[in-house]
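Novice: Quick one: the structure is below, questions incoming.
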Amino acid sequence: MTKPRAVKKKVRRSSGVKRNGGNRDPNRDTSLRKQAAKKDVVQLFAEKVRDHNDLESRRAVLQEIHVEYFRGKDFVSFLKNHEDLKDVLESDKKLEVEDIANILLIKNLIVRCDRVVKTVRPGQRKLSTWPSQLEIFTDQVFSENDAFFVWTFVKRRPLWQTLLSFFWPVLMLAICLFPLYPHRAKLLILYCWAGILLLIIALLLVRAAIFGATWIMIGKRVWFFPNILAEEATLSELFRFWPKKDEGERPKWTARLFYAIVAVLVVLLGRHHAADEAARARSV
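This is how it looks when you write it as structure tokens:
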């Protein structure tokens, strides 16, 4: 007698669930779908902006993590010059730049940060335009005046990085099998890498010589290939030829004169202790 009652209860519960499921509010479902689509649209807009080369961005350290960030004023000028990117936002494409940035902040796609060092360091006239260390700002509202914004989502990897991840194990295996290579292949690889190493050393020496000459003669700090020794830099930044803008204080003429005398003494000392090629030729 108890089994039929239990079956009836199960049937009643299942019918109640069906009734509740059948009476779902279609307006609520539509609003949820719109919110999900809107979130995807904002995410797509953020990805397009981040992947665009015209928005200047740099690398910095935020809470011991390397992050990519941009400045507020650069974001404003970027969207003014690329109005077509707003079409991705559909209904929100007519919003102002500040409103769009605030939407990105609300969606946690970016976070506003501030520089850690807020005082001018000795020897500099102003704060660095691109600080290397950041901290999270308390007021998460967009501003273009000395404001920095960090991307919080993972950037999509380009195709060449995906292919490189497949070829990297093959390269490691080829390096491990180097002792088994033929003798000519070993010599070819050795000479190629030795040539690349000498090229890098020569480039660093020429770079240092140009810096020293311009610093002594005109008092300017000129570093060609400014990011060649950077720990965190993209390929475009690594091979950038034009030097950075000199933001430091102009050196004193006494310091320039002192280092000029030191450079002359080093050259004279090197010439004095250099090998006499004529005497060596006569002895031979």
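The opening position of the sequence shown corresponds to residue 3 in my numbering, with each subsequent residue numbered one higher.
For glycine and all other residues, C-beta sits at the position ideal for the given N, C-alpha and C.
#1: The alpha helix (DSSP H) spanning H185 covers which residue range?
#2: Could you please give me the residues that DSSP links to E137 through a beta bridge?
#3: Taking buried to mean at least 16 other C-beta atoms within 10 Å of its own C-beta, is I184 buried or exposed?
#4: Mapping the DSSP letters down to three states, classify Q126 as helix, strand or coil.
#5: Can you tell me whether R114 is buried or exposed, with buried defined as 16 or more other CB within 10 angstroms of its CB?
#6: Measuring alpha carbon to alpha carbon, tell me which residue in I112, W195, G197 is nearest V143.
#7: Take G23 and list the residues in its own chain whose beta-carbon comes closer than 6 Å to its own, dropping the five residues that flank it on each side.
#8: Smallest Cα separation from M219: which of F227, A257, L189?
#9: Could you spell out where the beta strand (DSSP E) holding L64 opens and where it closes?
#10: Okay, do the stretch 44-56 and the stretch 119-130 touch, 3+ Cβ pairs below 8 Å being the bar?
#11: Give me, in chain order, the residues of the same chain whose beta-carbon lies closer than 8 Å to that of A265; leave out the 5 immediate sequence neighbours on both sides.
#12: Short check: CB of V63 to CB of Q163, under 8 Å?
#13: Would I203 and F226 be called neighbours here (beta carbons separated by less than 8 Å)?
#14: May I ask you to report which of helix, strand or coil DSSP gives E70?
#15: For T140, which of W132, A149, G221 has the nearest alpha-carbon?
Specialist: With the structure as the only source:
#1: 185-219 is the span of the alpha helix (DSSP H), which, as asked, contains H185.
#2: According to DSSP, residue pairing for E137 in a beta bridge involves D116.
#3: Strictly speaking, residue 184 in this sequence is Pro, with Ile absent from that position. The residue is exposed, with fewer than 16 neighbouring Cβ atoms inside 10 Å.
#4: DSSP places Q126 in strand when its eight states are reduced to three.
#5: Buried.
#6: Answer by Cα proximity: I112.
#7: No answer about G23 holds up, because its pLDDT of 44 lies below 50 and its placement is not dependable.
#8: Cα-wise, what sits closest to M219 is A257.
#9: Here the beta strand (DSSP E) through L64 covers 60-64.
#10: The stretch 44-56 vs the stretch 119-130: no contact.
#11: The residues G214, I218, in chain order, have a CB closer than 8 Å to that of A265 in the same chain once the five nearest residues on each side in sequence are set aside.
#12: Taking C-beta atoms as the reference points, V63 and Q163 fail to come closer than 8 Å.
#13: No.
#14: Here E70 sits in strand by DSSP.
#15: Closest option to T140, Cα to Cα, is A149.
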